[in-house]
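Asks:
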């Protein structure tokens, strides 16, 4: 198992770098990985110099011994995603759900839609497989309350810190009604795409 962070590198700049640094550092401590902050910053500095032209998807991975690896690839342009509801497995260890690791079987799907939108056994909306959910309702933006039941994204946290996003729980049946009645709009939020609209298949 490895930890990883997926970021955008935009002409040598990495938005939300401090959020990604804090998250991988905390996950390393929680899961017993060696994490050397100097090695991390040295790699980041190298990548910023090497990718000063264009916009890339940057994935930095960390193994238990503290060794970093990375992959950088151009970002494909995509403004709208499709998604379908899927019930989250109840048998995934909490530390796997709440940390960004390469153990991601609980997020696998057949890709009949771009994304899956996970909900728990009470119907609480949790997250997409590649990011958090943002729900626009009555001119305000909401995201589920974190109750140790999904991965807290860096984009999500930045929007909360900037008081642009409020925490509020939604439940599947109620959300379906609101979607059908055009009362809400649904967005994917993550550090790579930032904000992208999602059409939910009902």
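In the working numbering, the protein residues as written are 1 to 202. The beta-carbon is built from N, C-alpha and C at its ideal position, and this holds for glycine as well. Owing to the predicted nature of the structure, the values given are computational and were not obtained by experimental measurement.
(1) Whose CA, out of 13, 12 and 7, lies closest to the CA of residue 24?
(2) Quick one: grab the DSSP three-state call for residue 94.
(3) For residue 131, list the residues DSSP reports as bridge partners.
(4) CA-CA distance, residue 39 and residue 125?
(5) Excluding the 5 residues preceding and the 5 following residue 128 in the sequence, name in chain order all residues of the same chain whose CB lies nearer than 6 Å to its CB.
(6) For residue 16, which of 202, 200 and 194 has the nearest alpha-carbon?
(7) In whole angstroms, give me the CA-to-CA distance for residue 26 and residue 79.
(8) In or out: residue 155 buried (at least 16 other Cβ within 10 Å) or exposed?
(9) Within the continuous beta strand (DSSP E) that includes residue 190, where are the two ends?
(10) Between which two residues does the alpha helix (DSSP H) containing residue 199 stretch?
Replies: In brief:
(1) Mapped onto the chain shown, residue 24 falls at position 24. Nearest option by C-alpha distance: 7.
(2) The residue given as residue 94 occupies position 94 in the chain shown. Here residue 94 sits in helix by DSSP.
(3) Your numbering for residue 131 matches position 131 in the chain shown. In the DSSP output, where bridge partners are listed per residue, residue 131 has 128.
(4) Taking the first residue of the chain shown as position 1, residue 39 is located at position 39. Taking the first residue of the chain shown as position 1, residue 125 is located at position 125. Rounded to the nearest angstrom, the two C-alpha atoms are 37 Å apart.
(5) Mapped onto the chain shown, residue 128 falls at position 128. Contacts found: 115, 117 and 188.
(6) On the chain shown, residue 16 is found 16 positions in, with the first residue counted as 1. Selected option, being the one with the closest Cα: 194.
(7) Residue 26 sits at position 26 when you count from the first residue of the chain shown. Residue 79 sits at position 79 when you count from the first residue of the chain shown. Answer to the nearest angstrom: the Cα atoms are 32 Å apart.
(8) In the chain shown, residue 155 corresponds to position 155, counting from 1. Result: buried.
(9) By 1-based counting over the chain shown, the position of residue 190 is 190. Where residue 190 is concerned, the enclosing beta strand (DSSP E) stretches over 184 to 190.
(10) By 1-based counting over the chain shown, the position of residue 199 is 199. No alpha helix (DSSP H) contains residue 199, which is instead part of the beta strand (DSSP E) from 194 to 201.
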